[in-house]
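Using this note's numbering, the first residue of the sequence shown is number 250, and each one after it goes up by one.
Heads up, the thing below is written out as structure tokens.
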Amino acid sequence: RAAFASKQKKAQHELGRLFRSVGIDSIQLTTDENYEIALARFFETREKRRLRG
């Protein structure tokens, strides 16, 4: 289990780096938290970034 978790964490990190390098926004959601709050925060941040240019 520990090896799998480590491998997944590394893969998520690399995917995040790839997305940022090509300008793709991403969001990490979990099933144990309210996704509406995370989505609202994501879109607020995205809009602020868009307005700054």
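Quick reminder that beta carbons are idealized off the backbone N, C-alpha and C, glycines included.
These figures come from a predicted structure and were not determined experimentally.
Residue span of the alpha helix (DSSP H) that contains residue i, given as start and end
{"i": "I286", "result": "Y284 to R301"}
{"i": "S270", "result": "A251 to S270"}
Backbone CA spacing between residue i and residue j [nearest angstrom]
{"i": "L300", "j": "R250", "result": "43 Å"}
{"i": "L288", "j": "I276", "result": "8 Å"}
{"i": "G302", "j": "G265", "result": "21 Å"}
Any chain C beta carbon closer than 9 Å to residue i
{"i": "R269", "result": "No chain C is part of this structure, which consists of one protein chain only."}
Cβ neighbours of residue i in the same chain (closer than 8 Å, five flanking residues each side left out)
{"i": "D274", "result": "F268, F291 and R295"}
Near the ligand MN: residue i beta-carbon under 8 Å from a heavy atom
{"i": "S270", "result": "Absence of the ligand MN is noted for the structure shown, with no ligands found whatsoever."}
Neighbourhood of residue i by C-beta distance below 7 Å, restricted to the same chain and skipping five residues each side
{"i": "L278", "result": "Y284 and A287"}
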